[in-house]
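According to the working numbering, the sequence shown is numbered sequentially starting from 28. The structure under discussion appears below in the form of structure tokens.
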Amino acid sequence: MLKQRIITALALLAVILVCLFAPWDWPFVVLVTAVLSITAWEWARLNGIGGMAAKVVGLVFALGCTVAALNGVQEVSKPSLFWLLFSMAWLVGAVFVLREGTAGWLALPRALRLLLGIVVFAVVWVAVLRAYQLGINYLLSLMALVWMADIGAYFAGRTFGQKLVARKLAPTVSPGKSWEGVFGGMIGVVLLAFLWLWLDRSLAEDWGRSFYGLVRQQGLTMMIGVCLALTAMSVLGDLLESLIKRAAGVKDSSAILPGHGGMLDRIDGLLPVMPMGMLVLALLARAV
28 MLKQRIITAL ALLAVILVCL FAPWDWPFVV LVTAVLSITA WEWARLNGIG GMAAKVVGLV
88 FALGCTVAAL NGVQEVSKPS LFWLLFSMAW LVGAVFVLRE GTAGWLALPR ALRLLLGIVV
148 FAVVWVAVLR AYQLGINYLL SLMALVWMAD IGAYFAGRTF GQKLVARKLA PTVSPGKSWE
208 GVFGGMIGVV LLAFLWLWLD RSLAEDWGRS FYGLVRQQGL TMMIGVCLAL TAMSVLGDLL
268 ESLIKRAAGV KDSSAILPGH GGMLDRIDGL LPVMPMGMLV LALLARAV
């Protein structure tokens with residue numbers, strides 16, 4: 028299983044890097060559209076829409092993104108209010124769903140559950156492509172925050188899980204997650220931020236400033252606080268997906284990624300972090 032996970036991860040990384048560093052924008056736009064369209068298909072299946080109907084949801088989402096891209100929607104600056112409203116809605120909605128549990132989630136009309144997911148994926152599509160236009164360094168540094176949060180949580184959880192804090196993080200939603208994992212993820216992200224600030228000295232000229240470099244301009248305390256907050260949002264995104272999978276009675280969102288499960292399983296932490304990262308930049312600097 029570990030070997031398969033590594034092979035799949037390396038293959039995904041290779042595809043991402045090829046699209047990121049292509050001399051044209053369209054390969055990355057196609058990649059992001061494909062990833063989120065697959066996620067939309069998985070989301071439909073998780074909410075009781077199966078077979079051809081779920082595939083239609085994914086195809087319609089892909090068509091919508093294609094039309095939006097051809098009309099340059101992702102190139103139009105979004106005011107901070109746009110990102111703020113989405114971020115607040117996501118946060119309030121996530122807390123509400125986690126509080127109500129699987130029964131509360133399933134009590135919502137299926138059409139509403141489907142629509143909520145599609146709206147989130149559409150905003151994330153815009154956020155990722157806006158981040159890409161701000162520079163590869165900015166995009167990668169923000170995505171790496173989620174990856175490091177996962178890595179730090181994994182190793183801290185395995186090493187210290189329930190040894191420092193007896194109570195589990197969310198026993199009814201994801202029994203395997205611990206508070207030690209959350210703290211480990213936060214420490215890992217802060218360390219990553221300092222490392223990236225050092226890398227910015229050589230990367231910024233060609234690839235633009237990183238997320239950490241831009242936030243650092245507002246002070247070290249601000250940078251650390253933002254890193255901790257976004258790490259918490261990444262964890263919240265992970266927990267929310269775990270609850271939705273539990274409500275659907277499945278372990279993974281799909282089996283499209285050998286050794287990893289589904290696409291949603293890989294990007295659940297990115298869903299809140301990408302738009303909220305754009306919100307941070309919009310509030311600290313300018314509309315993005």
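Every residue gets a Cβ at the ideal spot worked out from N, C-alpha and C, and that includes glycine. Source: prediction; values computed, not measured.
N- and C-terminal bounds of the alpha helix (DSSP H) containing residue i
i	result
K82	78-97
S269	247-275
L143	137-161
G112	The residue asked about is misnamed: residue 112 is Leu in this sequence, not Gly. Its alpha helix (DSSP H) spans residues 107-134.
A49	Taken as a continuous stretch (DSSP letters only), A49 belongs to no alpha helix (DSSP H), as it is neither H nor E.
G188	Looking at the DSSP string, G188 is not in any alpha helix (DSSP H), and its letter there is neither H nor E.
L291	290-294
R243	238-243
With 16 other Cβ atoms within 10 Å as the buried cut-off, status of residue i
i	result
M290	buried
A220	buried
F148	buried
V242	buried
V150	buried
G276	exposed
V300	buried
K190	exposed
R157	buried
V155	buried
K272	buried
E102	exposed
V315	Low local confidence applies: a pLDDT of 49 at V315 is under 50, so the model's placement there is unreliable, and no value is given.
V94	exposed
R194	exposed
I33	exposed
A282	exposed
M305	buried
W234	buried
V56	buried
L166	buried
A325	The question about residue 325 has no answer, for the chain in this structure spans 28 to 315.
V173	buried
G252	exposed
L196	buried
A81	buried
M79	exposed
V45	exposed
Cβ-Cβ separation, residue j to residue i (assumed contact under 8 Å), whole Å
i	j	result
G208	A183	5 Å
A67	G85	5 Å
A256	S107	The Cβ separation is near 16 Å, so there is no contact.
L12	G240	As shown, the chain starts at 28 and ends at 315. That puts residue 12 outside it, with no answer to give.
S104	F88	Rounded, the Cβ-Cβ distance is 24 Å, inconsistent with contact.
E287	T129	With the sequence shown as reference, residue 287 is identified as His, and Glu is not the correct amino acid for it. With 8 Å as the limit, H287 and T129 do not qualify as a contact, their Cβ atoms being about 23 Å apart.
G17	G179	Within the shown structure, residues of the chain are numbered from 28 to 315, placing residue 17 beyond reach of any answer.
A121	L267	5 Å
L357	F109	Since the first residue of the chain shown is 28 and the last is 315, residue 357 is not available in this structure.
I76	L141	7 Å
M213	T258	5 Å
Among the options, the one whose alpha carbon lies nearest that of residue i
i	options	result
A176	W152, D233, A197, V217	V217
A71	L90, L139, P302, L298	L139
K30	V253, G179, P285, I251	P285
S269	L222, D233, K204	K204
L297	A312, L311, D265, A309	D265
L73	S280, G288, L311, R293	S280
I163	R126, W51, A259, A312	W51
I43	R32, I34, I33, V59	V59
G211	L306, C92, V262, S168	V262
Q245	L306, S237, A312	A312
A274	C46, V100, L125	L125
C92	W152, A134, I214	W152
V119	M260, F187, P54	M260
V307	V83, A38, E69, F113	F113
R293	A171, R236, V45, P54	A171
T161	R236, E127, G78	The residue asked about is misnamed: residue 161 is Leu in this sequence, not Thr. Of the candidates R236, E127, G78, the one whose C-alpha sits nearest the C-alpha of L161 is R236.
A116	V200, A49, Y159, V146	V146
G99	W53, R185, C46	W53
Start and end residues, beta strand (DSSP E) containing residue i
i	result
S205	201-205
A312	Note, A312: premise wrong, no beta strand (DSSP E); not H, not E.
L196	195-197
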